[in-house]
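Visitor:
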Amino acid sequence: RAELQAFRAVPVRGDGATTRAFALETTIGYDASPGPLTPTGRNLDVAMQGNAWLAVQANDGTEAYTRAGSLDVNAEGLLVMRNGLPVLGDGGPINVPPNSAVEIGSDGTISAKAPNQRPTTVGKLKMVTPEVPLTRGDDGLFRAAEGDLPADATARLQDGALEGSNVSPVGTMVAMIAAGRQFEQQMKLLQIAQTQGQQSAKLLGST
């Protein structure tokens, strides 16, 4: 998710510094618009649809949410993210039988087919639809201020595809160039104002 940044002036405290301030950067939110979908044809790749989020278990054991959908099955048979975090189902982490082919339905239902066996349902991905924006943590995962969110039975995903970043490199570069030019213009205006102030002071001093 693209982050929304803001800057504010913070006064410097101390003798002789009452007129000084420095800029403080803060993250005020994120852009929730969806990114482009890239078909992969991989059964364990899923892309969240609409405002749906996938529930995972963070390193601290808490429930967190992500839009990343590149899944895998680890050596213990747990369905995990590519970074190893367990993916949560309605009843917790999801176990997949060994040597099984896994398919994920649009509603998050997970089917496993062992060799020479019929497919069986082994769980269902917990997908949530937040009513208010989530909070991004330092680990890159998102959390709800009110705690764990309930599963949304109407949430849907697209299998065999991944959602790309919603940050446009070209658009971001153009915005950076425009911001740099605006900064240069502001600096020129400050220099003009300073020069005019000095000239005014000289005129007043000569009278």
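First residue of the sequence shown: -17, per the working numbering; consecutive thereafter. Where a beta carbon is used, it is the ideal one built from N, C-alpha and C, also for glycine.
Valine 78 and alanine 94: beta carbons closer than 7 Å?
Guide: Contact flag set, yes.
Visitor: Which residues share a DSSP beta bridge with aspartate 27?
Guide: Per DSSP, Ser52.
Visitor: Here's the rule: buried if 16 or more other CB atoms are within 10 angstroms of the residue's CB, otherwise exposed. What is glycine 51?
Guide: Buried: at least 16 other Cβ atoms inside 10 Å.
Visitor: Which stretch, first to last residue, makes up the beta strand (DSSP E) that contains threonine 103?
Guide: 102 to 106 is the extent of the beta strand (DSSP E) around threonine 103.
Visitor: Can you find at least 3 beta carbon pairs, one from the stretch 140 to 150 and one from the stretch 106 to 122, that sit closer than 8 Å?
Guide: No contact exists between the stretch 140 to 150 and the stretch 106 to 122.
Visitor: Who are the Cβ neighbours of asparagine 56 in its own chain at under 6 Å, not counting the five residues just before and after it?
Guide: The answer, listed in chain order, is Val62.
Visitor: Taking alanine 14 as the reference, which of Pro80, Pro115 and Gly87 has the closest Cα?
Guide: Of Pro80, Pro115 and Gly87, the residue nearest in Cα terms is Pro115.
Visitor: What distance in whole Å lies between the Cβ atoms of glutamine 31 and leucine 139, which are believed to be in contact at a cut-off of 8 Å?
Guide: Leucine 139 to glutamine 31, Cβ: 6 Å. Contact.
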